[in-house]
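Read in order, the letters of the sequence shown are residues 318 to 440 in my numbering. We treat Cβ as the ideally placed atom computed from N, Cα and C, and that holds for glycine. These numbers come from a predicted model, not from an experiment. A short worksheet on the structure shown next.
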Amino acid sequence: MGPLPEPVKQAQSLPSNADATAVAAGDALFKGNCAQCHAINEVVVGPALAGIRKRRPEAWIQAWVKNSGKLVARGDEYAVKIFNQYQQQQMPTFQLSDQEINQILDYVEASGNQYMAYAPAQP
């Protein structure tokens, strides 16, 4: 078995509805509120966030960020699944506006487009 292939950086592109200012604001918000427990492409205390807009609607994500315990208590199937998967640790509540949460999502989406992928091994 040969050596592992070299990582190849994917081209970055902004989400279609994001601008550079929103992504920059999201970067600062992510670092100040999310980075302690989350990374873009790897599990830390909480799940990796790359592709989150493909997994849940923005309104659901906004409700989760503002008060995940409320969704769990209501019996939301996906919220309960995440809660149980991560040792029943409740995510802290955040006093962020929908716009700020969307800026974080723009940053996550733009950063997720930079993930490292492995190129096929050369013969």
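task: Look at the alpha carbon of A390 and the alpha carbon of N350, and state the distance between them as a whole number of angstroms.
output: 23 Å
- prompt: For Q404, which residues from the same chain have a beta carbon less than 7 Å from its beta carbon, with the 5 sequence-adjacent residues on both sides left out?
  reply: none
- request: Classify N419 as buried or exposed, calling it buried when 16 or more other Cβ atoms lie within 10 Å of its own Cβ.
  value: Residue environment for N419: buried (at least 16 other C-beta atoms within 10 angstroms of its C-beta).
query: Can you tell which of F411, D415 and K371 has the C-alpha that lies nearest to the C-alpha of K383?
result: F411
field: the stretch 392 to 400 / the stretch 335 to 354 touching (three or more Cβ pairs under 8 Å)
entry: no
Short Cβ contact (8 Å threshold) for L346 with E417: yes
- request: Name the two residues that bound the continuous alpha helix (DSSP H) containing N419.
  value: D415 to G429
Rounded C-alpha distance that separates G368 from E426: Spanning the two alpha carbons is a distance of roughly 7 Å.
query: What span of residues does the alpha helix (DSSP H) with T410 cover, start to end?
result: Element bounds for T410: n/a, residue is neither H nor E.
task: Specify, as a first and last residue, the run of the alpha helix (DSSP H) that A337 falls within.
output: A337 to N350
- request: Return helix, strand or coil for Y395, following the three-state DSSP convention.
  value: helix
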